[in-house]
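Participant: Residue numbers for the sequence shown follow UniProt numbering, so the first one is 1 and each next one is one higher.
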Amino acid sequence: MKQDRLIVGISEISKMTGVSTRQLRYWEQKGYIESIADDSAKAREYRLDMVIKVSLIKSELDEGYTLVAAIERVNGKMAIFKQFKHFIIDRVSDVGKQGNKTVFDMGYFDQTEKQRLFAVIDEDGTHFELRDV
1 MKQDRLIVGI SEISKMTGVS TRQLRYWEQK GYIESIADDS AKAREYRLDM
51 VIKVSLIKSE LDEGYTLVAA IERVNGKMAI FKQFKHFIID RVSDVGKQGN
101 KTVFDMGYFD QTEKQRLFAV IDEDGTHFEL RDV
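1. Throw me the rounded Cβ distance for the Val19 and Lys53 pair, which I believe falls under 8 Å.
2. Report buried or exposed for Arg44, applying the criterion of at least 16 other Cβ atoms within 10 angstroms of its Cβ.
3. Evaluate Val74 with the Cβ neighbour count: other Cβ atoms within 10 Å of its Cβ, from every protein chain shown; 16 or more gives buried, anything less gives exposed.
4. If distances are taken between C-alpha atoms only, which option among Met16, Val51, Thr17, Lys42 comes closest to Ile33?
5. Could you pull the start and end residues of the alpha helix (DSSP H) that Lys82 belongs to?
6. Any chance you could list the beta strand (DSSP E) runs of at least 3 consecutive residues sitting entirely within the stretch 101-128, in chain order?
7. Whose C-alpha, out of Met16, Lys42, Ile10, is nearest the C-alpha of Trp27?
8. Taking the alpha-carbon of Thr112 as reference, which of Leu61, Gly125, Val133 has the nearest alpha-carbon?
9. DSSP puts Ile26 in a beta bridge; with which residues?
10. Here's a check: name, in chain order, each residue in its chain whose Cβ is nearer than 8 Å to the Cβ of Lys77, leaving out the five neighbours to either side.
11. Can you have a look at Met106 and say buried or exposed, based on whether 16 or more other CB atoms are within 10 angstroms of its CB?
12. So what's Lys42 in DSSP terms, helix, strand or just coil?
13. Can Val103 and Phe87 be called in contact, C-beta distance under 9 Å?
14. Bridge partners for Asp62 per DSSP, in chain order?
Below is the structure:
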């Protein structure tokens, strides 16, 4: 599923995050968040990344940061999340269940393509395994 297709209206994002619709409009006016550009008069809509950003901003404000400081902190986190997303898209070639384990195939570990790296999540936590091909 493409993240760009996950769209939330302004009322829903307000309910989900506890940020008023008035505050959301203000943040958008200041350029802190972006709604989906639409020439019609219907209510504002936001993509999933903006829902996450609003939630993070609210969390920073609740921690006592000013709005400007919260935005700076959140923009840094969002940049890291974007890089992490690209890492996952680039490296995870398959995900599956093996018994009670969830296994992420991270691709070839070596240049000779004789070993693959797997991230494994089970009841003991997360660990990595190298497996010969």
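Backbone N, C-alpha and C fix where the C-beta goes; we use that ideal spot for every residue, glycine too.
Facilitator: To lay it out plainly:
1. Rounded, the Cβ-Cβ distance is 11 Å, inconsistent with contact.
2. buried
3. buried
4. Val51
5. 67-91
6. 101-108, 115-122
7. Ile10
8. Val133
9. According to the sequence as given, residue 26 is Tyr; it is not Ile. For Tyr26, which the question treats as bridged, DSSP gives no partner whatsoever.
10. Leu56
11. buried
12. coil
13. no
14. Paired residues: none, contrary to the question.
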